[in-house]
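Enquirer:
2 protein chains.
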Amino acid sequence: MAAFSLPRTLAASFIALPLLGTAAMAQSTQDAATAARLRDTALKDDWGYRFLENETTLIGQRLAATDAEARAADWAEKTLKAAGFENVHREPVPMPAWIRGREEATVISPAPQHLVVTALGGSVATPADGIDAEIVLFREYSQLIAAAPGSLTGKIAVVTERMPRVMDGASYGAANPIRRAGPSEAARRGAIAYLHRSLGTDNHRIAHTGATNYQPDVTKIPAAALSNPDADQLERLAARGKTRVHLLLTPTVRENAQSWTVSGEVKGSEKPDEIVLIGAHLDSWDLGTGAIDDGAGDAIVAAAGKLIAALKPHPKRTLRVVLFGAEEMDYSGPAYAKAHADEAGHIVLAAESDFGARKIYTFLAPPGAARTPFVRTLADTITPLGIFMNPAPAQRSGDDIAPLHRLGVPVIAFRQNGLDYFDIHHTADDTLDKVDPRELAQNIAAWAAMAYLATQSDLDFRKLANAQ
Amino acid sequence: MAAFSLPRTLAASFIALPLLGTAAMAQSTQDAATAARLRDTALKDDWGYRFLENETTLIGQRLAATDAEARAADWAEKTLKAAGFENVHREPVPMPAWIRGREEATVISPAPQHLVVTALGGSVATPADGIDAEIVLFREYSQLIAAAPGSLTGKIAVVTERMPRVMDGASYGAANPIRRAGPSEAARRGAIAYLHRSLGTDNHRIAHTGATNYQPDVTKIPAAALSNPDADQLERLAARGKTRVHLLLTPTVRENAQSWTVSGEVKGSEKPDEIVLIGAHLDSWDLGTGAIDDGAGDAIVAAAGKLIAALKPHPKRTLRVVLFGAEEMDYSGPAYAKAHADEAGHIVLAAESDFGARKIYTFLAPPGAARTPFVRTLADTITPLGIFMNPAPAQRSGDDIAPLHRLGVPVIAFRQNGLDYFDIHHTADDTLDKVDPRELAQNIAAWAAMAYLATQSDLDFRKLANAQ
């Protein structure tokens, strides 16, 4: 014991040296410890899952600009206030409300049979007695694009291209024109209606909806998605000869309706004017109860924010949790960026959770920030959650954030395992049972750590991005 | 070469001895070789899968006693004739036709939302404007049975007991009273409608239909199955307080309708009056296209029979392939046994394929036959298919065969992997994509081997069973 003795303070320095070495690269050890504590608390806490259970049970579907979505906004305001957020309020998102009606499709010949379809969001209605027409089937979307003008006159165009199953969901972006532009491209060639294989990876008799966008120079034709097995069936029938289909869609539009974006804050203790914004979207499609799209995101950012709201003192910067309205109809992001354009310079970092509730496996750092103390500490904190840093810089983080990003707001992005996301996305199957509470908690743990470290950081992510 | 030389015939005897040793226990080596050849041919042949593809594509759903089922009977007759069967004909099955109508359910309060339901086969309709009532929810069926008379007056009874996922499907039998007897038991206690969690193991917003049977002494109340996620949702809502539901069902019944049973034969070359009967059912529920229930069975027995029909000479006994009508409505088996009661003594063995298209993993020998040459040769022939002999004797082999079995007809049974059968059974999801062509071929191989060896056998299975 006596052979080699040092004063206590010096001994402490020796022991502390490796820690200090890390600390020089990382955010303060105290911040790291707090982030780790938030992470571990999140893993044990079920507040987020109960939030999601209530949102999907007491509200259910929350189609933008409907009464159901307004009830969701009421509920969200109350819930955020009760959770300790400040400045909880809602902001209007003016928009027309698109309301699904009846949706029926049947093969008339050669073999009478029912088809499972769902109208695309924004689709116009068919005539009241529907449309009866021969189909022209394209197994690849490029074949429709290659079809000559007038070649589809009086026909129902059908595209049955299949979307591949991939972990990061990138195939959805690639397939998106089939739903977004397909109806217009079909109309341009004379088609009187449009059906496409759902942008989905399941094999259930459940169709995937989603918004379509009519191009300004074409006739708006009714458009719907087929379930995967029904698309297969049309392929088999079309291979055997002429196939006639009856389609009835009766959606309606209520003009001058309103969606709502709800937000709450954890006011910064030192730099309250510097805002870290984490968001998700409150609206959902009307077919399921919006559990993975995007109740899970709501639960993740609200639960992460709640854990930070409980810290005394609050972190230096302000944390803002935003639950966007009308994401599915493309209104929320642009409306928010427009309303908050003057404030955009104060939003130091933004991120959105909108890819379900499966585990996060990687994160993308803000551009130029990969070697900063913030990112290094974040990486260390969430490595035990099975999350690694992706070398690519974050270029996007959710559709609601994109318009802010275009105003110069830097983003950070988590990526979740999306292998089964498009089995469920935009369908009646988007219900609570699809969410694993432990995977949801892993998300909340990562978001809490990230949001805390970002609100405690002194870094100017904008400057780092511009220095790239 | 010269050191040890024997006459050719003696050498052949030496080599043949081990085979003869086996042959003494087995059917003739020639029968074994033919059975093995049929097995191997079946594995390479896609006729069965194309049969199933045509049945599900060109006909689709085949609800008993409807025009669609009659079209299926036409098609089946033509197909069996073209495949080389003799004595192809149809036999009428008189019955009422039950036709599904609209089926809508919504939670009225506390949170308005859509529920996915499907009417049980045979259910009466609700009043034209539906039923609005508070639910009484039982998480176990035994709790409904324990409820006092009158305790459900004016209420909708809801049973949410979950059916476990098991390989051999035995949980379905155990859960069956929930669907078969539940409506009557609820009515007996005053309920005005009945909902139950689908007898299904999936978690999709797709409900499982199936026949119900009203007991003669109770009021017939409308009855429907909830999808699993909707049953979960009602559990969560009921746990939070009073829940009111609106239910609308508009099925209709057409009396004096007719289903059809189609059969064909491979006439026996030596004992044409001794019949081996292999069957499946041609009718299906109306929600899907009846691929696994029971298009697969049709394809399996038809393809097995077709391979045997091609043998010259035909096997000794007659092989009869029967595609029953109206199995789902419980009419076909009794009707067939009644019409063929005089002939039952000539049916030496019977079996039905009605459990989808997954691989067979075991077979149950006819009672008393486990050590017979027929069973030993069958076991040897199908061991390479991954099928082992179960020590229990076969006591049943499909609902259509049961009434014949009660008339003394011995049965043999194959068991298939049913782990995912009840994900799909009786739903809109019962479509061709759920069938793996290779697994279907494995079934056909086993059935062809069994049917051939049974038609070549001299065994009296009835005598063996009675000697037990």
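These protein sequences, in sequence, are chains D and H.
Under numbering that gives the first Met the number 0, the first residue of the first sequence is numbered 0, with each subsequent residue one higher.
Under numbering that gives the first Met the number 0, the first residue of the second sequence is numbered 0, with each subsequent residue one higher.
Ideal Cβ positions, reconstructed from N, Cα and C, are used throughout, including at glycine.
Computed from a predicted structure; not experimentally measured.
Based on Cα-Cα distance, which residue from H/D231, H/D457, H/R204 lies nearest to D/D429?
Expert: Reading the first sequence from its first residue, position 430 is the one you call residue 429 of chain D. The residue with the shortest Cα to Cα distance from D/D429 is H/R204.
Enquirer: Is H/Q112 buried or exposed, if buried means 16 or more other CB atoms sit within 10 Å of its CB?
Expert: Along the second sequence, one-based indexing puts residue 112 of chain H at 113. Counting Cβ neighbours within 10 Å, H/Q112 comes out buried, since at least 16 surround it.
Enquirer: What three-state label does DSSP hand H/T218 in the structure shown?
Expert: Here residue 218 of chain H refers to the residue found at position 219 of the second sequence. Of the three classes helix, strand and coil, the one that applies to H/T218 here is coil, per DSSP.
Enquirer: Just to confirm the assignment: which complete beta strand (DSSP E) runs, minimum length 3, are found wholly within the region 364 to 431 of chain H?
Expert: Entirely contained in the region 364 to 431 of chain H, the beta strand (DSSP E) runs reaching 3 residues are, in chain order, 387 to 389, 412 to 415.
Enquirer: Which residues, in chain order, does the region 185 to 213 of chain H contribute to contact with chain D at a C-beta distance below 8 Å?
Expert: Listed by position, the residues of the region 185 to 213 of chain H near chain D (Cβ gap below 8 Å) are N202, H203, R204, I205.
Enquirer: DSSP on H/N255, reduced to helix/strand/coil?
Expert: Your numbering for residue 255 of chain H matches position 256 in the second sequence. It is a strand residue.
Enquirer: What does DSSP give as the partner residues of H/Y193 in its beta bridges?
Expert: Your numbering for residue 193 of chain H matches position 194 in the second sequence. For H/Y193, which the question treats as bridged, DSSP gives the partners H/A156, H/A222.
Enquirer: Under three-state DSSP, which class holds D/P183?
Expert: To locate residue 183 of chain D, count along the first sequence from 1; it is residue 184. At residue 183 of chain D the sequence reads Ser, which differs from the Pro that was named. It is helical.
Enquirer: Based on DSSP bridge pairs, tell me the residues matched to H/L233.
Expert: In the second sequence, the residue the question calls residue 233 of chain H occupies position 234. Its beta-bridge partners do not exist; DSSP assigns none.
Enquirer: Please confirm whether D/T21 has its beta-carbon closer than 8 Å to some beta-carbon of chain H.
Expert: Within the first sequence, residue 21 of chain D is the residue found at index 22, counting from 1. Model confidence at D/T21 stands at a pLDDT of 41, short of 50, so the residue's coordinates are unreliable; what they give is reported in the following sentence. Closer than 8 Å: no.
Enquirer: In chain order, what residues of the same chain lie with their CB nearer than 6 Å to the CB of D/L5, ignoring the 5 residues before and after it?
Expert: By 1-based counting over the first sequence, the position of residue 5 of chain D is 6. A caution first: D/L5 carries a pLDDT of 37, below 50, which makes its placement in the model unreliable, though a value can still be read off. So the list is empty, once near-sequence residues are dropped.
Enquirer: Can you check DSSP and say which residues form a bridge with D/Q112?
Expert: To locate residue 112 of chain D, count along the first sequence from 1; it is residue 113. Answer is D/V106, bridged to D/Q112.
Enquirer: Is it the case that the Cβ atoms of D/L194 and D/L225 are separated by a distance below 8 Å?
Expert: As a position in the first sequence, residue 194 of chain D is number 195, starting the count at 1. As a position in the first sequence, residue 225 of chain D is number 226, starting the count at 1. Contact flag set, yes.
Enquirer: Could you name the residues of chain D that H/V115 contacts, counting a contact when the two beta carbons are closer than 7 Å?
Expert: Taking the first residue of the second sequence as position 1, residue 115 of chain H is located at position 116. Ordered by position in chain D, the residues that pass the 7 Å Cβ test against H/V115 are A427.
Enquirer: To the nearest angstrom, how far is the alpha carbon of H/H424 from that of D/A156?
Expert: On the second sequence, residue 424 of chain H is found 425 positions in, with the first residue counted as 1. On the first sequence, residue 156 of chain D is found 157 positions in, with the first residue counted as 1. Their backbone Cα atoms lie some 32 Å apart in a straight line.
Enquirer: Could you tell me the distance, in whole angstroms, from the CA atom of H/A145 to the CA atom of H/T242?
Expert: Your numbering for residue 145 of chain H matches position 146 in the second sequence. Your numbering for residue 242 of chain H matches position 243 in the second sequence. Those two C-alpha atoms are separated by around 22 Å.
Enquirer: Kindly identify the DSSP beta-bridge partner or partners of H/S262.
Expert: Translated into the one-based positions of the second sequence, residue 262 of chain H becomes position 263. Bridge partners of H/S262: H/H88, H/V321.
Enquirer: Can you tell me where the alpha helix (DSSP H) holding D/K80 begins and where it ends?
Expert: The count along the first sequence starts at 1 and reaches residue 80 of chain D at position 81. Its alpha helix (DSSP H) spans residues 66 to 81.
Enquirer: Residues in the same chain with beta-carbon distance under 6 Å from H/A10, minus the five sequence neighbours each way, listed in chain order, please.
Expert: As a working note, residue 10 of chain H is residue 11 in the second sequence. Reliability fails at H/A10, whose pLDDT of 39 lies under 50, so the model's placement of it is uncertain and the value that follows must be treated cautiously. Closer than 6 Å at the Cβ level, and outside the excluded window around H/A10, lies no residue.
Enquirer: Which residues, taken in chain order from the region 30 to 52 of chain D, show a beta carbon closer than 9 Å to some beta carbon of chain H?
Expert: For the region 30 to 52 of chain D, which is checked against every Cβ of chain H, the residues closer than 9 Å are E52.
Enquirer: Beta-carbon of D/D297 versus every beta-carbon of chain H: anything under 8 Å?
Expert: Taking the first sequence and counting its residues from 1, the one referred to as residue 297 of chain D is at position 298. Judged by the 8 Å Cβ criterion, D/D297 is not in contact with chain H.
Enquirer: How far does the beta strand (DSSP E) with D/R188 in it extend, from its first residue to its last?
Expert: As a first step, residue 188 of chain D is located in the first sequence; it is residue number 189 there, counting from the start. Looking at the DSSP string, D/R188 is not in any beta strand (DSSP E), and its letter there is neither H nor E.
Enquirer: For a contact defined as C-beta to C-beta under 9 Å, what are the partners of H/I58 on chain D?
Expert: Locating residue 58 of chain H in the second sequence gives position 59, where the first residue counts as 1. A110, Q112, listed in chain order.
Enquirer: Tell me which residues share the same chain as H/A256 and place their Cβ nearer than 7 Å to its Cβ, disregarding the 5 neighbours each side in the sequence.
Expert: Position 257 of the second sequence, counting from 1, holds the residue named residue 256 of chain H. Counting only Cβ-Cβ distances below 7 Å, and skipping sequence neighbours, we find A64, M94, P95, A96.
Enquirer: Taking the C-alpha atoms as reference points, what is the distance between D/A206 and D/D432?
Expert: Numbered from 1 along the first sequence, position 207 holds the residue referred to as residue 206 of chain D. Numbered from 1 along the first sequence, position 433 holds the residue referred to as residue 432 of chain D. Straight-line Cα distance between these residues: approximately 19 Å.
Enquirer: Taking the C-alpha atoms as reference points, what is the distance between D/N416 and D/I359?
Expert: The residue given as residue 416 of chain D occupies position 417 in the first sequence. The residue given as residue 359 of chain D occupies position 360 in the first sequence. Each residue's Cα considered, the two are about 6 Å apart.
Enquirer: In or out: D/E264 buried (at least 16 other Cβ within 10 Å) or exposed?
Expert: Here the question's residue 264 of chain D lines up with position 265 in the first sequence. Buried is the call here.
Enquirer: How many angstroms separate the CA atom of H/R187 from the CA atom of H/K219?
Expert: If you number the second sequence from 1, residue 187 of chain H lands on position 188. If you number the second sequence from 1, residue 219 of chain H lands on position 220. Taking the straight line from one Cα to the other gives about 10 Å.
Enquirer: Considering only C-alpha positions, which residue in the set H/R405, H/Q441, H/K337, H/T376 is nearest to H/A356?
Expert: On the second sequence, residue 356 of chain H is found 357 positions in, with the first residue counted as 1. For the residues H/R405, H/Q441, H/K337, H/T376, the minimum Cα distance to H/A356 belongs to H/Q441.
Enquirer: Are the beta-carbon atoms of H/L418 and H/M162 separated by less than 8 Å?
Expert: Within the second sequence, numbered from 1, the residue matching residue 418 of chain H stands at position 419. Within the second sequence, numbered from 1, the residue matching residue 162 of chain H stands at position 163. Not closer than 8 Å, so no.
Enquirer: Relative to the C-alpha of D/L42, which candidate in D/S108, D/H404, D/L306 has its C-alpha closest?
Expert: To locate residue 42 of chain D, count along the first sequence from 1; it is residue 43. Nearest option by C-alpha distance: D/L306.
Enquirer: Straight-line CA distance for H/T200 to D/R437?
Expert: Here residue 200 of chain H corresponds to residue number 201 of the second sequence, with the count starting at 1. Here residue 437 of chain D corresponds to residue number 438 of the first sequence, with the count starting at 1. Their Cα atoms are separated by approximately 22 Å.
Enquirer: With 8 Å set as the bound, which would you pick, yes or no: does the beta-carbon of D/T65 sit closer than that to a beta-carbon of chain H?
Expert: Within the first sequence, numbered from 1, the residue matching residue 65 of chain D stands at position 66. No, because no Cβ of chain H sits closer than 8 Å to the Cβ of D/T65.
Enquirer: Examine the Cβ distances between the region 334 to 351 of chain H and the region 278 to 295 of chain H and report whether three or more of them are shorter than 8 Å.
Expert: A contact exists between the region 334 to 351 of chain H and the region 278 to 295 of chain H.
Enquirer: What's the call for H/P250, buried or exposed, on a 16-neighbour Cβ count within 10 Å?
Expert: Taking the first residue of the second sequence as position 1, residue 250 of chain H is located at position 251. It is buried - the Cβ of H/P250 has at least 16 other Cβ atoms within 10 Å.
Enquirer: Answer yes if the region 55 to 73 of chain D comes into contact with the region 441 to 460 of chain D, meaning at least three C-beta pairs across the two stretches below 8 Å, and no otherwise.
Expert: No: fewer than three Cβ pairs fall under 8 Å.
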